[in-house]
Amino acid sequence: MSNATRSGDMTAFQRWEMASFGDNRPAQVEEVKAANAQVAARQRLEAEHAREAAKQEGFAAGYKEAYERGLKDGQETAYAETMEQVQLEILALQQMAQAFSEQLHSASQQMGNELMHLAMDMAQAMLKAKLDSDPTVILPIVEEAIAQLASVQQPAQILLHPDDVAMVKNQLGEALSEDGWRIVSDTNMERGGCKLVTQHNLVDASYSTRWKKLLDSMQISDYKTD
13 MSNATRSGDM
23 TAFQRWEMAS
33 FGDNRPAQVE
43 EVKAANAQVA
53 ARQRLEAEHA
63 REAAKQEGFA
73 AGYKEAYERG
83 LKDGQETAYA
93 ETMEQVQLEI
103 LALQQMAQAF
113 SEQLHSASQQ
123 MGNELMHLAM
133 DMAQAMLKAK
143 LDSDPTVILP
153 IVEEAIAQLA
163 SVQQPAQILL
173 HPDDVAMVKN
183 QLGEALSEDG
193 WRIVSDTNME
203 RGGCKLVTQH
213 NLVDASYSTR
223 WKKLLDSMQI
233 SDYKTD
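Shown next as structure tokens:
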């Protein structure tokens with residue numbers, strides 16, 4: 013039998029035997045293909061994971077930026093609205109304070125005027141009570157009125173309320189007569205006052221006139237005497 017055996021003449025056993033013990037290339041090729049497929053699949057999976065991670069990271073970063081920007085804008089808007097409200101409240105309080113101050117000032121003035129009027133009423137009442145209880149009060153009033161004249165020019169009259177005539181005559185009558193004065197009872201005169209009438213002079217020392225001078229000296233203009 014010839015040493016050279018054609019492949020076409022080999023039996024099935026001979027072909028298996030040669031492939032099993034002599035030529036292993038087909039098996040290695042399959043292993044390489046399988047390994048390459050696994051690497052490619054793993055690379056595709058890793059790339060997909062990387063893309064998804066990048067996507068998620070970008071979404072998170074964008075969401076965080078948008079959230080922080082929205083939060084900042086919201087805080088700034090809320091602060092501006094709060095400051096505006098505070099300014100409105102301060103303005104309202106200032107207006108209330110101004111109105112209260114004006115009312116207080118007006119009330120203070122009104123109270124001061126009322127107290128002044130009360131004091132004047134009390135003073136008048138005390139003076140009239142003094143005149144009723146002490147008729148001699150008229151004497152210094154007459155003497156002070158006469159002292160305002162440099163000289164007595166005839167005719168010279170002293171006008172008195174009828175209730176004051178007797179006291180003046182009893183206490184000053186003689187001296188007045190020597191100086192040329194004549195005492196005249198006048199019902200138009202108020203008690204506690206007098207008028208001096210000479211040829212060229214008139215001295216008004218009536219109660220009303222002296223009271224008005226007192227008010228003028230105190231700069232009181234809105235008080236009405238009885």
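For any residue, its number in the numbering used here is found by taking its place in the sequence shown, counting from 1, and adding 12. Glycine is no exception: its CB is placed at the ideal position from the N, C-alpha and C atoms.
In the DSSP annotation of this structure, the continuous segment of the alpha helix (DSSP H) that includes residue 176 starts and ends at 174–190. Listed as beta-bridge partners of residue 207 by DSSP are 171, 216.
Below 8 Å, enough C-beta pairs join the stretch 174–189 and the stretch 144–155 to call them touching: three or more. The beta carbon of residue 169 sits closer than 6 Å to those of 194, 196, 209, all from its chain and outside the five residues before and after it, given in chain order. Taking the Cα of residue 174 as reference, the smallest distance to any Cα among 204, 221, 199 is reached at 199. Between the alpha carbons of residue 219 and residue 230 lies a distance of about 17 Å. Contact annotation: residue 206 and residue 184 have beta-carbon atoms that are not nearer than 8 Å.
Residue state for residue 197 is assigned as strand, using DSSP reduced to three classes. In the displayed model, residue 164 falls within coil according to three-state DSSP, outside both helix and strand. Each residue's CA atom was taken as its position, placing residue 188 and residue 152 some 13 Å apart. Around residue 217, the same chain offers 153, 154, 156, 157, 205, 206, 207, 208 as residues with beta carbons nearer than 8 Å, after the five sequence neighbours per side are excluded.
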